[in-house]
Structure formats: structure tokens, C-alpha cells
Amino acid sequence: DIPVIDPFQFLREFNEGQRTQITCTVSSGDLPITINWLKNGGHLQHDQNIETKMTTSFSKVLSFMKIQEHHAGSYTCEATNIVGSANHSSTLKVKIRPKWISEPQDQSVLLGSSVMLECSAQGFPQPFITWMTSTGTTQVMQNFNPIHMDGIHKSQSSNGSLIIHSAMRSDAGWYQCKADNSVGEPLQKVVQMIVNAPAKIETKSATKTIHIGKTMILTCEASGDSPLSVEWLRHHSPLITGKRISVSSNGFGDTVRAVLEIRSMNAHDDGQYTCRAANRHGQHSQVFTVSVLEPPTAPQNVATHDITSRTATISWNLSHPTSVTIQYK
1 DIPVIDPFQF LREFNEGQRT QITCTVSSGD LPITINWLKN GGHLQHDQNI
51 ETKMTTSFSK VLSFMKIQEH HAGSYTCEAT NIVGSANHSS TLKVKIRPKW
101 ISEPQDQSVL LGSSVMLECS AQGFPQPFIT WMTSTGTTQV MQNFNPIHMD
151 GIHKSQSSNG SLIIHSAMRS DAGWYQCKAD NSVGEPLQKV VQMIVNAPAK
201 IETKSATKTI HIGKTMILTC EASGDSPLSV EWLRHHSPLI TGKRISVSSN
251 GFGDTVRAVL EIRSMNAHDD GQYTCRAANR HGQHSQVFTV SVLEPPTAPQ
301 NVATHDITSR TATISWNLSH PTSVTIQYK
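In UniProt numbering, the protein residues as written are 1 to 329.
Listed below in C-alpha cells is the structure:
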């Protein structure tokens with residue numbers, strides 16, 4: 001008769017360092033019977049912590065003196081005699097404490113941009129990844145609170161990493177990633193995220209109309225991380241200050257206000273003025289258009305043509321283009 005193997009199985013999951021053994025018993029079949037142990041369908045490799053031993057002519061034991069991570073797998077008993085062969089398998093599951101796949105690292109992100117804080121781990125059972133945060137200036141553990149994953153501003157990827165969309169200043173702080181599968185101590189790390197604010201002009205672009213000879217004032221307010229510089233330009237070059245033109249600036253917090261003042265406005269002051277803000281994270285510009293109003297000049301080369309008893313044609317030249325309204329009296 002061909003061999004018949006009594007069913008066997010590893011009865012539980014094991015921690016690293018534990019011991020166990022399993023016996024393959026051939027309950028029927030003609031003798032002699034050759035019994036071999038296989039792992040994952042291949043020959044069982046030599047291992048100082050694994051031992052196989054024939055206990056009778058129809059049984060063979062597989063012993064693990066010190067279970068390790070690499071011992072996990074499917075073990076097959078194969079019994080063969082002159083008539084045929086049979087086999088039976090069981091899976092050894094080894095509990096493995098978490099190990100980093102992607103360890104969290106400190107990150108920096110521009111205000112309004114998205115960022116991913118990497119955190120993924122492996123182990124058996126698969127570790128569960130949780131995130132906590134503290135927005136304080138120090139990483140005091142009692143100040144950490146669970147992160148609400150709303151799927152819009154903050155979300156968690158399938159591997160456990162944290163994704164922050166459109167980062168805000170309030171997102172800056174300390175973040176703790178913890179990987180836990182109840183095998184040994186949890187794996188955890190605290191990292192810092194810095195939110196950098198590039199230069200941004202808060203004042204909207206505008207068109208300003210001013211009468212000739214008057215004083216014009218343009219105000220430009222910008223925000224961003226310090227040091228933050230704000231300057232006024234015309235024709236792509238910084239404005240040259242002097243008796244008529246002055247620029248003053250003052251800062252408070254992360255905001256700088258630059259004021260351009262031009263006294264005794266004249267026709268040459270008509271045009272575009274650019275406010276440019278810059279810091280180490282970027283620059284931003286805004287254009288202001290200035291129209292100078294001046295009294296119209298008298299018509300030139302006035303002439304009368306085609307005079308009749310009832311009509312006459314009058315012509316003249318304008319000294320330069322103007323947007324004033326022409327009236328006839």
C-alpha cells in the first residue's frame with residue numbers, strides 16, 4: 001500500500017526564541033518508508049537550530065531549538081515507499097516585532113504645499129501605524145495628541161505614511177509615528193516638521209489716478225519668513241530716491257509694509273510701479289498702475305475751411321494725445 005500520513009499542524013504562532021517540534025507519522029503503507037522534511041517545496045537547508053530525527057521506522061520529528069524569523073514558512077513531510085508517495089504540509093508562523101521599512105525623518109515644506117512624512121514598518125502580524133502630534137516648541141511626550149485623519153487636510157497612505165495637503169503654519173511642530181503589533185516593544189520615532197512661508201504680497205494690484213503736482217502714496221504689504229525684503233521698482237530697476245521720491249518700510253511679526261511717496265507728480269511719473277518681496281524661500285511681485293492727470297493744452301494750428309453762409313469747417317491739432325473731454329462753445 002502507498003503511505004498514508006496522519007494530519008499534523010503547528011498549533012499556534014510562535015515568538016522568536018521559543019522552541020517547538022512536530023512529528024510526521026505514517027500510519028499505514030508498506031515498509032520500508034523514506035520520510036523527508038521540505039520547506040516551501042524545497043530541500044530543508046542546514047540550520048543549527050533545526051533538527052530532524054527518525055523516531056521509528058514510520059515517523060520522523062522536526063525540531064526547532066530556537067525559533068527565528070527566517071524559520072517562518074510551509075513545512076512538508078514527504079513519505080515514499082516502493083508503491084508510491086504521500087505528503088502533508090503545515091505553516092509555521094513566527095511573530096516578528098516591528099522593523100522599519102521607511103523610518104520617519106525631519107521634513108520642511110512651503111506654506112500651501114503638500115508633504116509626506118514617511119513611516120512604514122514590517123513584522124508579523126503586520127504592525128499597525130498610528131500618528132500623534134504636538135505643536136509645542138519641544139517634544140514633551142505628554143503634549144502629544146492623536147491626529148484626526150479627515151482625508152482632506154491630513155490623510156494616511158496604505159503603508160502608514162502621513163500626508164499633509166496644503167500645509168498651514170499651524171501644522172508645524174513635532175510628529176510621532178508608532179508601529180505596534182503587540183510583539184515586543186512598539187517601534188516609534190518623533191520627527192519635526194517646519195513650515196516655511198515664501199514671500200507673498202498681500203496688497204492687491206490697483207490703478208491709481210493722481211493730479212499733476214500732487215503727492216502720490218502707494219502702500220505695499222508683504223508677508224513671509226524673515227528676513228523679508230520689500231522694494232519698489234520702475235522699468236525693472238529699483239527706484240532711485242531723492243528730493244521728490246522716498247521709500248519707507250516697517251515690519252511687525254512676519255509682515256513688512258513698504259510705502260512709496262512721490263511728491264509734485266509730473267507727466268513723467270505716469271506708468272507702472274512694481275512692488276517686489278523676497279526671502280530665502282521665494283519672491284513675489286505686484287504691479288500698480290499710476291495715471292497722472294494734467295490740464296489740457298490749447299489746440300494748435302486752428303483753421304477755418306469751406307465757409308458758406310450757414311456752415312464752416314474748423315480744424316486743429318492736439319499737442320499730444322489726451323483723454324480729456326472736448327467741448328465746443
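Backbone N, C-alpha and C fix where the C-beta goes; we use that ideal spot for every residue, glycine too. Every value quoted in this text rests on a predicted model; they were computed, and no experiment measured them.
Membership of R257 in the beta strand (DSSP E) is indicated by the continuous run 255-262. A Cβ-Cβ distance of about 4 Å is found for the pair E13 and K93, placing them in contact under the 8 Å criterion. Spatial neighbours of G160 in its own chain (CB-CB distance under 6 Å, excluding positions within 5 residues in sequence) are listed in chain order as C119, S120, I129.
The Cβ-Cβ distance between S229 and V256 falls below 9 Å.
Rounded to whole angstroms, A86 and T80 show a C-alpha spacing of 7 Å. Per DSSP, reduced to three states, the secondary structure at N159 is coil, with no helix or strand assignment. The beta carbons of V287 and T274 sit about 5 Å from each other, so the pair counts as a contact at 8 Å. Across the structure, R310 and L293 are spaced so that their CA atoms are roughly 38 Å apart. Proximity to P32 across S57, P127, M132, Q45 peaks at S57, based on C-alpha coordinates.
Secondary structure of H46 (DSSP, three-state): coil.
Apart from sequence neighbours up to five positions away, the residues of its chain that approach Q283 with a beta-carbon distance below 7 Å are A199, R276, A277, ordered along the chain. Spatial neighbours of L110 in its own chain (CB-CB distance under 7 Å, excluding positions within 5 residues in sequence) are listed in chain order as N196, P198, H281. Within the region 180-243, the complete beta strand (DSSP E) segments at least 3 residues long are 187-196, 207-211, 216-223, 229-234, listed from N- to C-terminus. Within the model, the alpha-carbon separation for Q300 versus T313 is close to 15 Å. Between the alpha carbons of Q68 and M168 lies a gap of roughly 46 Å. By the criterion of a C-beta distance shorter than 8 Å, P7 is surrounded in its chain by H88, once the five residues flanking it on both sides are discounted. Comparing alpha carbon positions, the residue from Q105, V259, K204, P186 closest to I245 is V259.
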